[in-house]
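Residue numbers for the sequence shown follow my numbering, so the first one is 503 and each next one is one higher. Notes follow the structure.
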Amino acid sequence: MQRAADKLLDVSEIHPRPNLQLVRTTAEPQDKQFLLRGTSSYRRASLALFLSGFATFSLLYCVQPLMPIFAADFAVSPAASSLSLSLSTGFLAVAIFFAAAVSESFGRRSLMFVSLLGASLCTIACALVPSWHTLLVIRALEGLLLGGVPAVAMAYLAEEIDPRGLGASMGLYIAGNAFGGMAGRVVTGTLAEFFSWRIALGALGLLGLAAAIGFFLLLPASRNFTPRKGFDVRFHVRAWVGHISNPALPLLFAIGFLAMGTFVTVYNYIGFRLVQPPYNLNQTELGLIFTVYLFGIAASWIAGMLGDHIGHFIVLPAGIAVAALGVATTLSSCLPLIVLGIVLLTSGFFVAHSVASALVGRLARATKGHASALYLLSYYVGSSVAGSVGGYFWGADGWNAVVLFTLSLLALGTVAALVAARVAKR
């Protein structure tokens with residue numbers, strides 16, 4: 503793993519602009535220049551990427567607490583209502599696969615800004631739709647636009663941040679994702695309760711616009727990235743094949759698929775369980791349950807630092823185990839224990855995701871944007887596929903079937919983490 507990190511330093515010198523505080527690596531004096539923790543440029547980049555994560559995931563997951571309302575208002579089944587999220591994540595997965603390649607020519611910062619701007623406008627448009635099918639079409643388009651952010655943001659971090667602190671910076675970015683996911687769910691749930699789901703989506707779209715503008719104004723230009731001229735298909739194919747040929751990376755991609763599939767499935771259908779007797783939660787109460795994302799914010803940041811100090815392959819299976827314990831705890835009929843289970847699931851998931859993301863950045867020896875794209879492709883395909891399939895388990899045998907399905911996914915994720923640790927040591 504250290505050899506992989508050292509390999510990243512084998513590039514020609516890039517001269518910094520005077521308005522940015524940068525640091526040369528100590529390994530080789532004339533290697534890449536990275537943003538150093540504690541500098542103003544590092545803080546600007548961190549805040550900008552926090553805003554990008556916040557906007558991306560608040561816009562993406564804002565429909566999750568609204569699914570029971572969609573099912574009632576548009577007369578569709580729970581599984582069909584989940585398409586409002588599954589279509590977005592599915593198209594986002596496809597877009598991610600190509601976004602990193604496009605950013606090689608278009609530029610990291612510009613692509614992320616255009617993506618955030620377009621997705622915010624789509625969310626506002628969703629507030630005005632006349633029919634269910636129109637809403638689904640716009641949500642699919644929104645997923646395509648949001649695909650321009652996650653893989654490119656991960657690539658920016660891996661290229662611009664000192665590798666010795668990459669775990670912590672990646673954890674902070676994932677914390678922004680968690681905060682956005684929480685805010686999107688809580689804001690829409692609360693506004694839908696007091697006003698309507700249309701007002702809720704419109705307000706969140708405006709919030710996304712503000713975050714997009716803040717991101718563009720704050721993010722420093724890339725220092726260790728040079729855009730490629732034209733679009734060389736062979737270059738991108740070689741990059742993707744190279745990452746798939748790495749014995750450890752496909753296992754990390756599988757972990758992203760399985761962990762995200764579990765997380766989204768539980769969050770999709772726990773709302774249907776809790777709005778029914780004996781719980782009878784309203785939209786505000788249901789939205790407040792999503793404040794457990796705060797635990798994910800803390801967990802992702804702590805996991806990044808722990809991974810840097812004690813080893814990422816030690817922290818990774820521990821996170822999956824905590825998530826599995828949380829899923830099992832939701833089998834209880836006691837509401838406080840159900841909430842505790844969601845807390846454990848959320849914490850464990852963000853630990854696993856934060857560490858797996860950092861490992862992809864470390865183990866990818868070149869074209870990091872392509873490696874990030876493959877990881878996030880798997881991650882969001884897991885969200886889309888498992889999130890929809892989980893609806894059939896819910897319809898077949900209720901919550902017990904959902905728990906059995908998601909625990910099976912996490913068991914496979916544990917195996918993948920253990921095998922990846924052994925492979926990476928070779």
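Cβ coordinates follow ideal geometry from the N, Cα and C atoms, glycine included.
Cut-off 7 Å between Cβ atoms - residues of its own chain near residue i, not counting five sequence neighbours on either side
i    : result
S880 : F755, A756, G758 and F759
P752 : I746
L837 : Y781
L839 : T831
R505 : Note on R505: pLDDT 44, under 50, position unreliable in the model; no value is reported.
Cβ-Cβ distance between residue i and residue j below 9 Å
i    : j    : result
A653 : G871 : yes
M614 : F774 : no
S622 : G707 : yes
G678 : F600 : no
V857 : G809 : yes
T793 : G710 : no
L878 : Y675 : no
S802 : A680 : yes
Y795 : G683 : yes
L720 : R610 : no
G673 : L594 : no
N703 : V925 : Residue identity check: residue 703 is Leu in the sequence provided, not Asn. No, these two residues do not count as a Cβ contact at 9 Å.
A800 : A761 : no
T832 : F797 : no
V917 : V829 : no
R864 : L659 : no
L646 : A597 : yes
A919 : F815 : yes
A913 : P819 : no
V887 : G806 : no
S874 : S859 : yes
F559 : G686 : yes
Y589 : A627 : Here residue 589 turns out to be Leu, not Tyr, going by the sequence shown. No, the pair does not count as a contact, with Cβ atoms beyond the cut-off.
Cβ-heavy atom distance, residue i to the ligand ADP, below 8 Å
i    : result
L839 : The ligand ADP is not part of the structure shown, which contains no ligands of any sort.
Sequence-distant residues of the same chain with beta carbon closer than 6 Å to residue i, five excluded per side
i    : result
G821 : G850, V853 and A854
L561 : A621, T625 and G710
Y882 : T591, L594 and A595
T869 : A741
P749 : V925
L553 : A713, G716 and F717
W901 : R775
A903 : F895
F697 : none
Extent of the continuous alpha helix (DSSP H) to which residue i belongs
i    : result
R924 : K870 to K927
G758 : L751 to L776
F556 : S542 to Y563
Y658 : P652 to E662
P570 : M569 to D575
Q785 : Q785 to I791
S665 : Contrary to the premise, residue 665 reads as Pro rather than Ser in this sequence. Run containing P665: none; DSSP gives neither H nor E here.
C624 : R610 to C628
P580 : P580 to S583
A866 : No alpha helix (DSSP H) contains A866, which DSSP labels as neither H nor E.
P780 : Premise fails: P780 is in no alpha helix (DSSP H) and is neither H nor E.
S747 : V735 to S747
T831 : H814 to T831
V639 : W634 to L648
Other residues of its chain near residue i: CB distance less than 8 Å, five sequence neighbours each side excluded
i    : result
L783 : L776, V777 and I791
L906 : F895
R700 : A629 and L630
S724 : G609, R610, R611, Y658, E661 and E662
V921 : L753
V845 : V794, F797 and G828
D899 : none
Residue-chain proximity (residue i, chain B), Cβ-Cβ < 9 Å
i    : result
L865 : Here there is only one protein chain, and chain B is not present.
Between the region 577 to 594 and the region 631 to 649, do at least 3 Cβ pairs fall closer than 8 Å? Yes, the region 577 to 594 touches the region 631 to 649.
Below 8 Å, how does it come out for the region 788 to 796 and the region 684 to 691: are there three or more Cβ pairs, yes or no? As far as the Cβ criterion goes, the region 788 to 796 touches the region 684 to 691, which means the pair count is three or higher.
Where are the beta strand (DSSP E) runs, 3 residues long or more, that stay fully inside the region 676 to 729, in chain order? Counting only runs of 3 or more, we get nothing.
Counting Cβ pairs closer than 8 Å, one from the region 889 to 903 and one from the region 734 to 753, do we hit at least three? At 8 Å Cβ cutoff, the stretches do not touch.
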